[in-house]
Amino acid sequence: MERRWGFLAPWCEQLKGKLGYGRLAVKGGLWAVERHSLHVTIRRDNSTVEEEFQDKLVKIRETLALLAAVEYVDYPAWRYLLTVLCGIDVGKEGEEKFDSQIPVKFLLWLDWEGSNEGKDYDLVKFCGVKQLQSPSDEYLDALGKIVAVQSPRRRIDIQIPVHAFFSTDRTKPIDVSAQELLDIVNAQNIIREEWRDQEKKSESGLIRCTFVLEPVILDLLGVRLSSKMIQAVEQLVQNNLCVSELKRVRLELTKDLWDDDLEAMKTFGQLFNGLFNRNSPVLGPEPNHLQLEHVQLLCPASMKAADFVALASAMAVNQSVKKLELQLIPQSGAQISTRHWWTWLAYALFSKRAQASLLESVEITKIYSMPMADVEKFVDVLESDHPEEILFNDFPRGGLEDRFATLKSGAAIRWQFDFRGEPRSDCPTFSLSSSTPLVRTFLDDGASEWVYTLIPGYGQCQVQRENLEFHGSGATSSSPRISELKVEFVNERHTSVDGFPLLLSAVGSSLRSLTLQALFIDIEISTILQRCPNLLELSLGGDVVDLQLILDSNDEPPSAFDQILHWNTVAGLSRALSEGNSPFTSCVHCVRIRPANDWLTPARRPFDPAAFEIELNSLLDMLRVNTSLKVFEVIVPIRFGGYLEQFRKFHLQPTHHTLKLPLASKLAFISAISRQEEHQRTQSKSLYQLDQDVMRRIFAFSISPVLRQVFFVTQHVDLG
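Following my numbering, the numbering of the sequence shown begins with 15 at its first residue and continues without gaps.
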């Protein structure tokens, strides 16, 4: 290996200290796939000479391109160069990170400030057309040596995905970070225009490596938002730039905005509409691609109740976010009660008013309680044909049906109300510079000059009837699109979560995927399946055990799972998964187990090493007889690292699951048989007269079993 690829050693030196490997900024659930990526950090320091930095940037870009070319022709060499010569950490033997293939995918950390009046960004030099112009002689020479290994007969064009990563910086003012985010917007616009104008030219050589800019990843670190930062986020969306993740957006404004109620309301409205109501074509990889793949919102309980209503009004008509994560942050002096939180989430996510939303997945995290009274209110809103009557129960019922309308630009808007729901006379109105669609009227008597409305992003308002263009009742026969729900409880044994089964009953029929995480889970699997009859995937994360059940081929009734009472213990799980014919065993595809957690709290039994080893041996016994598990991971204290070989002998053993033969392979086989039959009609035709049953048998012999993955992780754990 060293003899063949030693000529790349000087190149790999360029990446030492600048290349990492891990999950940073890659969002995943309990069983996420493709969680790891290579992280490239290219930063200036105070002593950096700009010309030298630009030379270094080009050198690093060319090095990464050469490594990608190596991966194309020789994957073991790619891994060798990264681990031995570049020094990345791929974990220890037995870990998933160690066994996984290292993808050709880069997460890029750059300095975002521009130069030359905003025309010369580092990101443009990395992912723009300049990467194809004037490559160095050393690069072309090294690329030629790589090509010689395989000697391809046709041109190879390797596209290398790059996710630009941006994070705010707590050490500098938020407006400086906002300008850097605007620089990303400008840089991506330049890159897009460059490639649009680039003429396809015939270039010399048999291989070309091109860095392709993928959706950006943004992390706002939960800092307070300024007006300029919100404008930057809005600009990013308005420029049709796709975002893979927008993380830790804390809905709390800087003091200058927080102290001005009108400006705070208008600024939040700008943010909420920028996030949720951008309805325009985007440059996504698929026709149904939404602009914001995943958005994480942190909602401080000190947030004004009216501002949360404004957020809910925008979420209900969402046109741009695919996956949404929400967290209510408990605080002293809270203005948002848990009941207010759940009732407005019902309206925004699951009620009849959310039928226009394109949201597909919701994750609600760090839930400290879910009392029955809160969920009963949630269900009332969800089941009502007129949910506003429940949300604004002090208001008189209107004579007209609730309708959608478009609000004309420049219309006066009342936005503050007293405890009786009447507009405050001392509050000035405001207006919007453009027309606003999807405004919902409610409690309309058909005669009053001023009409109650929910304006997306601004919440409860009043506007004059003459400024509304009505579009009928707005009723649709469709239901909300949400098919995936993730719920995470932060609970102790005596925490009230008795409302959760009722919540599942209310929303469960539409769910195809459910993830439930909690230290202590009191709800049984059979209860979940009864309330969610259409589930295809159920993931459960407990203190000791994480499970994934795949239910797409399960024909058993929920009652078949009644006896699975102790799956969150080592003994209970080992026993359940050793029963080869049970529905539970056949449905459980993935398991992660942390046996030491069963011994860690003082309220539990004192640690007994002998008993701990009995538990590990029970897991080994289970693996000997179980043929349904696709993934098994055990995490143990480092003193039990000697069990590595015993667990790993079950790694890559065949399961009873099979890999589907790709449709392209089936079509290729049929095409080849058809062509051969056409040219040999004079021969016996029996060989080629393949009916459906024969073809099915041929394809059945072609499939391969899924091989089990067994991972063994050691950690430093103080067991006393």
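Ideal Cβ positions, reconstructed from N, Cα and C, are used throughout, including at glycine.
Sequence-distant Cβ neighbours of V230 in its own chain, meaning closer than 6 Å and more than five residues away, are A178, V257.
With a cutoff of 8 Å on beta-carbon distance, V335 and L312 are scored as not near each other. DSSP places L666 in no alpha helix (DSSP H); its state is neither H nor E. In the displayed model, V335 falls within a strand according to three-state DSSP. DSSP places H177 in the strand class (E or B) of the three-state scheme. In terms of Cα proximity to E110, the closest of L733, V731, F726, F503 is F726.
The DSSP-derived three-state label of D394 is helix. Boundaries of the alpha helix (DSSP H) around G586: 584-591. DSSP places A330 outside both helix and strand once states are collapsed to three, so it counts as coil.
Under DSSP, the beta-bridge partners assigned to V645 are C604, Q723. Going by DSSP, K422 is part of no beta strand (DSSP E) at all; its letter is neither H nor E. For L271 against T281, the beta-carbon gap comes to about 5 Å, under 8 Å, which counts as contact. Out of Q474, V465, K500, the CA that lies nearest to the CA of F484 is found in V465. In this structure, the straight-line span from the alpha carbon of G435 to that of M317 is close to 20 Å.
Counting along the chain, K380 sits inside the beta strand (DSSP E) bounded by residues 375-381. The beta carbon of L673 lies closer than 7 Å to those of I717, S718, V720 in the same chain, with the five residues before and after it left out.
Contact annotation, L525 with S497: C-beta distance approximately 6 Å; criterion of less than 8 Å satisfied.
For Y153, the secondary structure class from DSSP, reduced to helix, strand or coil, is helix.
Fully contained in the stretch 214-298 are the following alpha helix (DSSP H) runs of length 4 or more, in chain order: 241-252, 269-272, 275-290.
G473 is not a Cβ neighbour of S371, given a cutoff of 8 Å.
DSSP, read as helix, strand or coil, puts V104 in coil. Approximately 7 Å separates the beta-carbon atoms of Q729 and P651; this is inside 8 Å, confirming the contact. Of all alpha-carbon atoms in L146, I535, P187, the one lying nearest the alpha-carbon of L234 is that of P187.
Pairwise C-beta distances place the stretch 190-201 out of contact with the stretch 111-119, as fewer than three of them are shorter than 8 Å.
In the three-state reduction of the DSSP assignment, C26 falls in the helix class.
Taking the Cβ atoms as the reference, A419 lies roughly 4 Å from L482, within the contact range of under 8 Å. Beyond the five residues adjoining it in sequence on each side, H670 comes within less than 7 Å, by CB distance, of T641, S642 in the same chain, given in chain order. One thing to note: V309 has its Cβ no nearer than 8 Å to the Cβ of L285. Per DSSP, the continuous beta strand (DSSP E) segment holding P451 begins and ends at 450-455. Counting the other Cβ atoms within 10 Å of the Cβ of D416 gives 16 or more, which makes it buried. Going by beta carbons, Q544 and K644 fall outside the 8 Å limit.
Pairing L124 with W209, the inter-Cα distance amounts to about 21 Å. Between I535 and E551, the gap from beta carbon to beta carbon reaches 8 Å or more. V501 is a Cβ neighbour of I381, given a cutoff of 8 Å. Residue pairing from DSSP places G36 in a beta bridge opposite S51. Nearest neighbour of Y86 by Cα position, chosen from V605, L733, Q164, C26, turns out to be Q164.
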